[in-house]
Amino acid sequence: EVPELSKRQIKELASCKYIQERRNIIFMGRTGTGKTHLATALGLEACQQNFKTRFVSGYSLANELIEAYNDRDLIRIISRYKRFNLLILDELGYIPFS
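Per my numbering, the sequence shown starts with residue 1, numbered consecutively.
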C-alpha cells in the first residue's frame with residue numbers, strides 16, 4: 001500500500017505554512033513508498049523560501065545526542081539544532097530502543 005497525498009495537500013505542504021505555524025509533519029508508510037523523496041523535496045522548497053533546514057537520519061541524531069551527553073556537551077548540540085526552522089528526521093524506524 002502506497003500512501004497518497006492529493007495535489008492540494010502537496011501544494012499546502014510546499015507553501016511551508018506548517019513551518020511558520022511550528023507544526024510537525026509525520027510521513028509513515030512502508031519502505032520504498034517515497035517518504036524520504038517527499039521530505040527531501042519539501043526540505044529543498046523550505047530552503048528556497050529561506051528557512052534554515054537540516055536533514056538528518058534518526059540514527060545519526062541519536063548517536064550525536066548520546067555522544068554529546070557523554071561529553072557533557074548536550075546543551076550546545078541542542079542549541080545548534082534549535083537554530084533550524086525545519087528539522088527533517090529520516091529513518092526513525094531504524095533506531096533501536098534499548
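No residue lacks a Cβ here, since even glycine has one placed at the ideal position from N, Cα and C. Quick caveat: nothing in here was measured; it's all calculated off a predicted structure.
### Task
Provide the residue(s) that pair with Arg-72 in DSSP beta bridges, ordered along the chain.
For Arg-72, which the question treats as bridged, DSSP gives no partner whatsoever.
### Message
What would DSSP say about Leu-5, mapped onto helix, strand or coil?
### Response
coil
### Query
Is the Cβ-Cβ distance between Phe-51 and Leu-86 less than 8 angstroms?
yes
### Message
Suppose you measure from the CA of Arg-83 to the CA of Gln-48; what does that come to, to the nearest Å?
### Response
17 angstroms
### Query
Looking at the unbroken alpha helix (DSSP H) that takes in Thr-40, where does it start and where does it end?
35-48
### Query
From Leu-89 to Ile-26, what distance separates their C-alpha atoms?
9 angstroms
### Task
With DSSP as the reference, label Arg-23 as helix, strand or coil.
coil
### Task
Evaluate Ile-19 with the Cβ neighbour count: other Cβ atoms within 10 Å of its Cβ, from every protein chain shown; 16 or more gives buried, anything less gives exposed.
buried
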